[in-house]
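Sequential numbering from 666 applies to the sequence shown in my numbering. The C-beta atom is built at its ideal place from N, Cα and C for all residues, glycine as well.
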Amino acid sequence: MPIPKHVFDPPFNIIRCSHAVLDVTDLKLSREFYETTVGLHVEDADDSAVYLRASEEHQHHSLVLRRADVPACNRLGFKVGNDSDLDKAAAFFSENGIPYAFAEQPFQGRTLHFTDPFGYRIELYARMDKRPHLLRRYDLYKGCHPQRLDHFNVFAAEVQDTMDFYVRLGFRLTEYAEEDGPNGRIAAAWLHRKGNVHDFALTNGKGPRLHHVAYWTPTAMNIIHLCDVMASSGYLKNIERGPGRHGISNAFFLYIRDPDGHRLELYTSDYFTGDHDHEPLRWSLRDPRRQTLWG
Numbered sequence: 666m667p668i669p670k671h672v673f674d675p676p677f678n679i680i681r682c683s684h685a686v687l688d689v690t691d692l693k694l695s696r697e698f699y700e701t702t703v704g705l706h707v708e709d710a711d712d713s714a715v716y717l718r719a720s721e722e723h724q725h726h727s728l729v730l731r732r733a734d735v736p737a738c739n740r741l742g743f744k745v746g747n748d749s750d751l752d753k754a755a756a757f758f759s760e761n762g763i764p765y766a767f768a769e770q771p772f773q774g775r776t777l778h779f780t781d782p783f784g785y786r787i788e789l790y791a792r793m794d795k796r797p798h799l800l801r802r803y804d805l806y807k808g809c810h811p812q813r814l815d816h817f818n819v820f821a822a823e824v825q826d827t828m829d830f831y832v833r834l835g836f837r838l839t840e841y842a843e844e845d846g847p848n849g850r851i852a853a854a855w856l857h858r859k860g861n862v863h864d865f866a867l868t869n870g871k872g873p874r875l876h877h878v879a880y881w882t883p884t885a886m887n888i889i890h891l892c893d894v895m896a897s898s899g900y901l902k903n904i905e906r907g908p909g910r911h912g913i914s915n916a917f918f919l920y921i922r923d924p925d926g927h928r929l930e931l932y933t934s935d936y937f938t939g940d941h942d943h944e945p946l947r948w949s950l951r952d953p954r955r956q957t958l959w960g
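Now the structure itself:
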């Protein structure tokens, strides 16, 4: 299937993935899991929501937990360059028949909600309340010492079409998995804006549906330490897969589940992809090492 060319003049400027909004059924239990076990820092909380961030982040939040009757991915957030990009985005969505609306969100400036053609609920913003980063507050470190939100991964029923749409918005392809043969379809794609392997990954499957939210940790040993913490704090069964090494991205990883079943990846050691002539790396869909390098 065709590999899209990089678009260096998109209709508006998305900088990076920024935050996820997850609906949870037990706000107290979810807060305890993300704060004490994983190691995110609570910035604000009330009876309906908890706002958390990682130690390297200056922004107010990178994860919002909202009390709800049913667990779900409520929205995925991306930061744009400035407020004018929100107006450019609104114009683009209007021209292309994509539903959108400006919305008020706590701790954020103007925020634009839209639902993409494949059903993913996205929000864009340019400004968020700032906080001092906690990188040197080693006394506050817990869990795996998460440093920053790294990426989202979603299931997509039509990976090629979804990829083509986001490439129009300036996302660049870094790696992909493809069926063998002259007409092989692309079954998974890794797309970035900030110069690493991905801000947004697409995996073939029933969607729109979240696969995982990922946080970057300083080292692989932080991830191994989290396994020890979870095994000794009642969360052994929440360790889903890993630790291991992805072939795609080369990252050391661990998949875990939160109390509602939301999948969280802890992730470190991928690579730089910011050069404009970076060429996407192809993997055969039949190669098991694309998922786990060690087989």
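Item to check | L984 versus Q812 - alpha carbon distance | outcome: Because the chain here runs from 666 to 960, residue 984 falls outside it and cannot be looked at.
Next on the checklist: So, with DSSP's three-state summary, where would you put E700?
Outcome noted: helix
Next on the checklist: Please state whether the Cβ-Cβ distance between I904 and I889 is less than 9 Å.
Outcome noted: no
Item to check | S713, DSSP secondary structure in three states | outcome: coil
Item to check | Candidates L717, Y841, M793, of which the one nearest Q825 by Cα | outcome: Y841
Checklist entry - Does the Cβ of R874 lie closer than 8 Å to at least one heavy atom of the ligand PLP? => result In terms of ligand content, the structure shown is empty, and the ligand PLP therefore cannot be addressed.
Checklist entry - Buried or exposed: which applies to S949, given that a residue is buried once 16 or more other Cβ atoms fall within 10 Å of its Cβ? => result exposed
Checklist entry - In chain order, what residues of the same chain have a beta carbon less than 7 Å from the beta carbon of R951, not counting five sequence neighbours either side? => result D845
Checklist entry - Should T938 and T839 be called a contact, given that it needs their Cβ atoms to be closer than 9 Å? => result yes
Checklist entry - What is the rounded straight-line gap between the Cα of H927 and the Cα of F865? => result 17 Å
Checklist entry - How is the beta strand (DSSP E) around C738 delimited, first residue to last? => result 737 to 745
Item to check | Inter-residue Cα distance where the pair is R731 and R796 | outcome: 21 Å
Checklist entry - What are the complete alpha helix (DSSP H) segments, minimum 4 residues, inside the region 822 to 876? => result 824 to 833
Checklist entry - If S914 sits next to V862, beta carbons under 8 Å apart, how far is it from one beta carbon to the other, in whole angstroms? => result 4 Å
Item to check | Neighbourhood of L919 by C-beta distance below 6 Å, restricted to the same chain and skipping five residues each side | outcome: I888, G907, P908, L931
Checklist entry - With which residues is V894 paired in a DSSP beta bridge? => result Answer is none; V894 lacks a bridge partner.
Item to check | H876 classed as buried or exposed, judged by whether at least 16 other C-beta atoms fall within 10 angstroms | outcome: buried
Checklist entry - For the candidate residues T780, H706, L741, whose alpha-carbon lies nearest to that of R688? => result The sequence as given places Asp at residue 688; Arg does not occur at that position. Nearest option by C-alpha distance: L741.
Item to check | Minimum C-alpha distance to H816 - residue among H798, F836, L805, C809 | outcome: F836
Item to check | Same chain, Cβ closer than 7 Å to N869, neighbours up to 5 away in sequence not counted | outcome: A821, V824, A852, A853
Checklist entry - Taking one C-beta from the region 739 to 757 and one from the region 674 to 686 each time, how about it: are there three or more such pairs within less than 8 Å? => result yes
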